[in-house]
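Contents: one structure, followed by commentary.
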Amino acid sequence: MTTPQPPARSHLGRPRKIIDGLEKLVGRAPYVADQQLPGLLHARLVLSPYPHARIRGVDRAAALDVPGVQAVLLGADLNVKPAHSRPSLLLAEDLVVFAGQPVALILADTEAQAADAAALLDVDYEALDAVEDGEAALADGTLVWPQGVPKADGGMAGLHGGEAGAQAAQAPSNVDEDRTFGRGDVDAALSAAAFTAGGSFRVAGVHQSYLEPHAVAAQPGARPGEVTVYTSTQGQYVVRSEVSGALGLRERDVHVVPLTVGGGFGAKYGIMDALVAAAALHVQKPVRLVLTRSEDMLTTMPAPAIDVTLRLGADADGTLTAVDADVLVENGAFRFGHGGIIATMLGGLYRCENVRVRTRELLLNRAPVGAYRAPGVPQALFALESAVDDLTRQLGADPLEWRLQHAVQAGDPMGTGRAWPDIGLRDCLEAAQAHPLWQSRASLPEQEGVGLAVGGWPGAFSPAGAVCRVDTDGTVRLHVGSVDISGVHSSMVLIAAETLGVDPDQVEIVQGTTDSGPYAPNSGGSQVTISLSGAVLDASTQVRDQLLELAARHFEAHRDDLELAGGQAMVRGIPDRAIPIGKLAAQAQRTPGGPGPVVAEGRAALKAGAPGFVAHLVHVRVDPATGAVTLLRSVAAQDVGFALNPLLVEGQIQGGSAQALGLGLLEGLAYAGGTLVNPNFLEYAFPTSTDMPPLETVLVQRPSEHGPFGARIVGEPPITAGAAALANAVREAAGVRVTELPITAEAVWRLGQEAASR
Numbered sequence: 004m005t006t007p008q009p010p011a012r013s014h015l016g017r018p019r020k021i022i023d024g025l026e027k028l029v030g031r032a033p034y035v036a037d038q039q040l041p042g043l044l045h046a047r048l049v050l051s052p053y054p055h056a057r058i059r060g061v062d063r064a065a066a067l068d069v070p071g072v073q074a075v076l077l078g079a080d081l082n083v084k085p086a087h088s089r090p091s092l093l094l095a096e097d098l099v100v101f102a103g104q105p106v107a108l109i110l111a112d113t114e115a116q117a118a119d120a121a122a123l124l125d126v127d128y129e130a131l132d133a134v135e136d137g138e139a140a141l142a143d144g145t146l147v148w149p150q151g152v153p154k155a156d157g158g159m160a161g162l163h164g165g166e167a168g169a170q171a172a173q174a175p176s177n178v179d180e181d182r183t184f185g186r187g188d189v190d191a192a193l194s195a196a197a198f199t200a201g202g203s204f205r206v207a208g209v210h211q212s213y214l215e216p217h218a219v220a221a222q223p224g225a226r227p228g229e230v231t232v233y234t235s236t237q238g239q240y241v242v243r244s245e246v247s248g249a250l251g252l253r254e255r256d257v258h259v260v261p262l263t264v265g266g267g268f269g270a271k272y273g274i275m276d277a278l279v280a281a282a283a284l285h286v287q288k289p290v291r292l293v294l295t296r297s298e299d300m301l302t303t304m305p306a307p308a309i310d311v312t313l314r315l316g317a318d319a320d321g322t323l324t325a326v327d328a329d330v331l332v333e334n335g336a337f338r339f340g341h342g343g344i345i346a347t348m349l350g351g352l353y354r355c356e357n358v359r360v361r362t363r364e365l366l367l368n369r370a371p372v373g374a375y376r377a378p379g380v381p382q383a384l385f386a387l388e389s390a391v392d393d394l395t396r397q398l399g400a401d402p403l404e405w406r407l408q409h410a411v412q413a414g415d416p417m418g419t420g421r422a423w424p425d426i427g428l429r430d431c432l433e434a435a436q437a438h439p440l441w442q443s444r445a446s447l448p449e450q451e452g453v454g455l456a457v458g459g460w461p462g463a464f465s466p467a468g469a470v471c472r473v474d475t476d477g478t479v480r481l482h483v484g485s486v487d488i489s490g491v492h493s494s495m496v497l498i499a500a501e502t503l504g505v506d507p508d509q510v511e512i513v514q515g516t517t518d519s520g521p522y523a524p525n526s527g528g529s530q531v532t533i534s535l536s537g538a539v540l541d542a543s544t545q546v547r548d549q550l551l552e553l554a555a556r557h558f559e560a561h562r563d564d565l566e567l568a569g570g571q572a573m574v575r576g577i578p579d580r581a582i583p584i585g586k587l588a589a590q591a592q593r594t595p596g597g598p599g600p601v602v603a604e605g606r607a608a609l610k611a612g613a614p615g616f617v618a619h620l621v622h623v624r625v626d627p628a629t630g631a632v633t634l635l636r637s638v639a640a641q642d643v644g645f646a647l648n649p650l651l652v653e654g655q656i657q658g659g660s661a662q663a664l665g666l667g668l669l670e671g672l673a674y675a676g677g678t679l680v681n682p683n684f685l686e687y688a689f690p691t692s693t694d695m696p697p698l699e700t701v702l703v704q705r706p707s708e709h710g711p712f713g714a715r716i717v718g719e720p721p722i723t724a725g726a727a728a729l730a731n732a733v734r735e736a737a738g739v740r741v742t743e744l745p746i747t748a749e750a751v752w753r754l755g756q757e758a759a760s761r
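For any residue, its number in the working numbering is found by taking its place in the sequence shown, counting from 1, and adding 3.
Okay, structure coming up:
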């Protein structure tokens, strides 16, 4: 099958450097920790050491005696509304429901003074029974919320294109949501199946491990209740909504200024912003909070631990006849909403008439979970792709050919029953099939193996706006309200440059605040490029039309005889008849009664998404004496539709591949008695550059019918299949099936010993 290729363009589709690379390289990028405000107070949290406890009293005296301390704030000082989510949670009052929950906030002249006072604050706790793990949650012996879980406005999974479930009316329970998605008769299909495969799989909770910890500063305004929030966030409009909602403020009085984000991966949606804004309004002084690494890992929103019990059925000729899955998601103290997106992919990757996916989201006395790059899908596909690998072994089938035969295409149902739009899963598999690593796998040494897995992400999409204008010096300025966390603005520059016939260096991005920027979606769910690029194209196309009209008047020519190129408007075929676009803009805005400034506002609202899929190959070596797994090579063949900027697209895929391998081999949050015991980068293992093998990307470009220029989502898909491919590679190299992530050398060794004894 030949993948249709997009047309060649002057700027789009060609590698180009990131536009803010230099300011980051030389240390001039504005981070929250660099924010200096007159009279700034530094904040330090006091966190609960208990997963569940009653606060009997707090003695502030010793903390207030520390020189430089201006205030010791408690829940009674700041809380306005009951909390229903981690971002709406300010400070505990009578009860703490997870270890790491903020109990007090110290404000001082320096960070050191605030830290000293925090260490001296005397909090009297009465420890209570806690729901420490999934087993305890299912037992319902102790309830996290005896009066019922606080009602949330919606699931944060929706920010990443997931599907949050409705709040069910039920008796208080630690099972927050119990949903079943399906079609056909699964029980009958499994009973009649000639072959079955599956098992119980577990993936540990992981932290997003961004380099910049959560940071926020807030400054009171002139009006009562007015506050400006400077924050490291993936969504400034979400922060405005969270702060105004938690503090009972008007949205117009909450001004959000997004600053440079030092990594987010789904985790930065205003977790600490309402608390810092409340403190600033309380003392009527600017306040800044920058979490330490341990504080960040204890009190923010990691990805949940997930258990999947899965069974597949196939008939005698190898046709998949049944998918049956039971999924447990350990959500922590608040609800989230992973179920819909997990079901979408578990029951929607392969053609099958009989599907049942049950998802139960559990409440525990742990820090509430959040999104992490394709939330829930890497964990779910670890189970599915491991089972598919085992099924094809039973069948004696080529694992890639079997996947090609069963891969979903446009019109096939997702796990939730909705139909897939045009997708490129088969194209990715064909690219992996042609790759030399797959072709040469049979000739590898005995202790080496290549694993295959596929994954994808349906993607979110949202309305967006953009403003484009031309200044008198010829500079093209794009005003956007999006937050750039992955180089997306660098692609927007290329769209404007392509449309207006200027060099990309002639285009500047102006990132607006919630007051000054056109509306844009959150930087999550891989949605910004496909959502915002349409608005940028609309705005720049209108400006192009304005420039051509101006040039037609200037040259007294028909606009169809004119073109824009090299930063000039010119008569086609007559290079001497040209005028810089800056001069046209100057004429337009200086002529009395003339057309006025060259400026336009663009809008876009996609009617459907542009899902992305990936086929991942991982090559490993396993030491039979120790079980140690060595990563040798990673190949990700991903359908990106059309790579607006291949350099940045490849970087996104490489980053997602690295995170997938870290999730598969190294990372895991460890709890003892309900308390996180590895809340730092010394004890929490994640991959560094020395751990990573060569990360190769193969760009499959099957243009989307919905994405602008044919582009598809990019950010989420590359993390979805890597861990599963790693597990399948270990199975190929060592002959053992690992059912828990991360894969440890001890686990592989023990499985090998058990296999040898049998």
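Ideal placement from N, C-alpha and C gives every residue a C-beta, glycine not left out.
(request) Could you check how far apart the C-beta atoms of T295 and P261 are, in whole angstroms? I think they sit under 8 Å. (result) The residue given as residue 295 occupies position 292 in the sequence shown. The residue given as residue 261 occupies position 258 in the sequence shown. In fact, because the Cβ distance is near 23 Å, the residues do not count as touching under 8 Å.
(message) So, at 8 Å on beta carbons, what are the nonlocal neighbours of L565 in its own chain, with the 5 sequence-adjacent residues on each side left out?
(response) As a position in the sequence shown, residue 565 is number 562, starting the count at 1. Take L565, set aside five residues on each side of it, and the residues of its chain with a beta-carbon closer than 8 Å to its own are L551, A554, A555, F558, A572, M573, V574, R575, in chain order.
(request) List the DSSP bridge partners of S203. (result) The residue given as residue 203 occupies position 200 in the sequence shown. BP columns for S203 point to T312.
(request) Could you give the DSSP three-state label for D339: helix, strand or coil? (result) Within the sequence shown, the letter at position 336 stands for residue 339. The sequence given here has Phe at residue 339, not Asp. F339: coil per DSSP, three-state reduction.
(request) Report back the beta-carbon spacing between L651 and G490 to the nearest angstrom; my notes put them in contact at under 8 Å. (result) Counted from its first residue, the sequence shown places residue 651 at position 648. Counted from its first residue, the sequence shown places residue 490 at position 487. The pair is a contact, with the Cβ atoms about 4 Å apart (cut-off 8 Å).
(request) For T362, write down the residues that DSSP places opposite it in a beta bridge. (result) Your numbering for residue 362 matches position 359 in the sequence shown. BP columns for T362 point to R182, V330.
(request) Give the secondary structure of G266 by DSSP, where H, G and I count as helix, E and B as strand, and everything else as coil. (result) What you label residue 266 is simply residue 263 of the sequence shown in a count that begins at 1. The answer is coil: DSSP assigns G266 none of H, G, I, E or B.
(request) Spatial neighbours of A160 within its chain, please: CB distance less than 8 Å, with the 5 preceding and 5 following residues excluded, ordered by chain position. (result) For the purposes of this step, residue 160 is taken as the residue at position 157 of the sequence shown. Only weak support exists for where A160 lies, its pLDDT of 47 falling under 50; the coordinates are left without a value.
(message) Does G576 come out as helix, strand or coil in the three-state DSSP assignment?
(response) For this step, residue 576 is matched to residue 573 along the sequence shown. If DSSP states are grouped into helix, strand and coil, G576 belongs with coil.
(message) Using a 10 Å radius around the Cβ and a threshold of 16 neighbouring Cβ atoms, would you call K154 buried or exposed?
(response) The count along the sequence shown starts at 1 and reaches residue 154 at position 151. Looking at its Cβ environment, which holds fewer than 16 other Cβ atoms inside 10 Å, K154 is exposed.
(request) In the DSSP assignment, find the unbroken beta strand (DSSP E) run with E96 in it and report its ends. (result) Counting from one through the sequence shown, the residue named residue 96 turns up at place 93. Premise fails: E96 is in no beta strand (DSSP E) and is neither H nor E.
(request) Measure the beta-carbon distance from R361 to V330 and round it to whole angstroms, keeping in mind my assumption that it falls under 8 Å. (result) Residue numbering aside, residue 361 sits at position 358 when the sequence shown is read from its first letter. Residue numbering aside, residue 330 sits at position 327 when the sequence shown is read from its first letter. At roughly 7 Å, the Cβ-Cβ gap stays under 8 Å, so R361 and V330 are in contact.
(message) So, with DSSP's three-state summary, where would you put W460?
(response) Locating residue 460 in the sequence shown gives position 457, counting from the first residue. It is a strand residue.
(request) Below 8 Å CB to CB, which residues in the same chain sit around Y522 once its five sequence neighbours on both sides are set aside? (result) Locating residue 522 in the sequence shown gives position 519, counting from the first residue. Excluding positions up to five away in sequence, the list reads Y240, P466, A467, G468, G484.
(request) Classify E559 as helix, strand or coil using the three-state DSSP reduction. (result) Residue numbering aside, residue 559 sits at position 556 when the sequence shown is read from its first letter. Coil.
(message) Taking the alpha carbon of G677 as the reference point, which residue from E604, G60, Y353, A336 has its own alpha carbon closest?
(response) By 1-based counting over the sequence shown, the position of residue 677 is 674. Checking every option, the nearest Cα to that of G677 belongs to A336.
(request) Go to L620, then tell me how far its beta strand (DSSP E) extends in each direction, as first and last residue. (result) The count along the sequence shown starts at 1 and reaches residue 620 at position 617. Counting along the chain, the beta strand (DSSP E) containing L620 begins and ends at 615 to 625.
(message) DSSP has V29 in a bridge; who is on the other side?
(response) Taking the first residue of the sequence shown as position 1, residue 29 is located at position 26. DSSP lists no partner for V29.
(request) Could you spell out the range, first to last residue, of the alpha helix (DSSP H) harbouring L637? (result) Start at 1 with the first residue of the sequence shown, and residue 637 comes out as number 634. Residue 637 is actually Ser in this sequence, not Leu. That residue, S637, is in no alpha helix (DSSP H); its beta strand (DSSP E) goes 632 to 642.
(request) Apply the 10 Å Cβ neighbour rule to S692 and answer buried if 16 or more other Cβ atoms are within range, or exposed otherwise. (result) Numbered from 1 along the sequence shown, position 689 holds the residue referred to as residue 692. Result: exposed.
(message) I'd like the span of the beta strand (DSSP E) that includes R734, first residue to last.
(response) Taking the first residue of the sequence shown as position 1, residue 734 is located at position 731. Premise fails: R734 lies in the alpha helix (DSSP H), 725 to 737, not in any beta strand (DSSP E).
(message) Quick check: the Cα distance between Q38 and A728, rounded to an integer number of angstroms?
(response) Taking the sequence shown and counting its residues from 1, the one referred to as residue 38 is at position 35. Taking the sequence shown and counting its residues from 1, the one referred to as residue 728 is at position 725. Spanning the two alpha carbons is a distance of roughly 43 Å.
(message) Is it buried or exposed, N731, if we count other Cβ atoms within 10 angstroms and call 16 or more buried?
(response) Against the sequence shown, residue 731 aligns to sequence position 728. N731 comes out buried.
(message) G238 and G527 - do their beta-carbons sit closer together than 8 Å?
(response) The count along the sequence shown starts at 1 and reaches residue 527 at position 524. The count along the sequence shown starts at 1 and reaches residue 238 at position 235. In this structure, G238 lies closer than 8 Å to G527 by Cβ.
(message) My parser needs the beta strand (DSSP E) runs of 3 or more residues fully inside the stretch 43 to 126; what are they?
(response) Within the stretch 43 to 126, the complete beta strand (DSSP E) runs of at least 3 residues are 44 to 50, 56 to 62, 72 to 77, 105 to 111.
(message) With a threshold of 8 Å between beta-carbons, can L432 be considered close to chain B, or not?
(response) Included in the structure is just one protein chain, with no chain B present.
(message) Rounded to whole angstroms, what is the Cα-Cα separation between A196 and V189?
(response) Here residue 196 refers to the residue found at position 193 of the sequence shown. Here residue 189 refers to the residue found at position 186 of the sequence shown. Rounded to whole angstroms, A196 to V189 spans 10 Å at the Cα level.
(request) Return the CA-CA distance between L792 and V219, expressed in angstroms with no decimal places. (result) Nothing about residue 792 can be read from this structure; the chain reaches only from 4 to 761.
(request) Ignoring anything shorter than 4 residues or poking outside the stretch 373 to 431, list the alpha helix (DSSP H) runs there in chain order. (result) Listed in chain order, they are 380 to 398, 402 to 409.
(message) Measuring only the C-alpha atoms, how far is G158 from T145?
(response) Residue 158 sits at position 155 when you count from the first residue of the sequence shown. Residue 145 sits at position 142 when you count from the first residue of the sequence shown. Annotation note: pLDDT 49 at G158 (below 50); position unreliable, no value reported.
(message) Rounded to the nearest angstrom, what separates F204 and A308 at their Cα positions?
(response) Position 201 of the sequence shown holds residue 204. Position 305 of the sequence shown holds residue 308. Computed Cα separation, rounded: 11 Å.
(message) Starting from Y240, trace the beta strand (DSSP E) in both directions and tell me its first and last residue.
(response) One-based indexing of the sequence shown puts residue 240 at position 237. Counting along the chain, Y240 falls outside any beta strand (DSSP E), though it belongs to the alpha helix (DSSP H) covering 239 to 250.
(message) For A65 and P216, what's the separation of their Cα atoms in angstroms?
(response) Within the sequence shown, the letter at position 62 stands for residue 65. Within the sequence shown, the letter at position 213 stands for residue 216. Each residue's Cα considered, the two are about 28 Å apart.
(request) Scan the stretch 503 to 575 and note each continuous alpha helix (DSSP H) run of 4 residues or more that stays entirely inside, going in chain order. (result) 531 to 558
(request) Would you please state the rounded distance, in angstroms, between the beta carbons of A270 and V232? I believe it to be under 8 Å. (result) Counted from its first residue, the sequence shown places residue 270 at position 267. Counted from its first residue, the sequence shown places residue 232 at position 229. Contact flag wrong, Cβ pair sits at about 17 Å.
(message) Please report the distance separating the alpha-carbon of P175 from that of G420.
(response) What you label residue 175 is simply residue 172 of the sequence shown in a count that begins at 1. What you label residue 420 is simply residue 417 of the sequence shown in a count that begins at 1. Using only the alpha carbons, I get a separation of about 30 Å.
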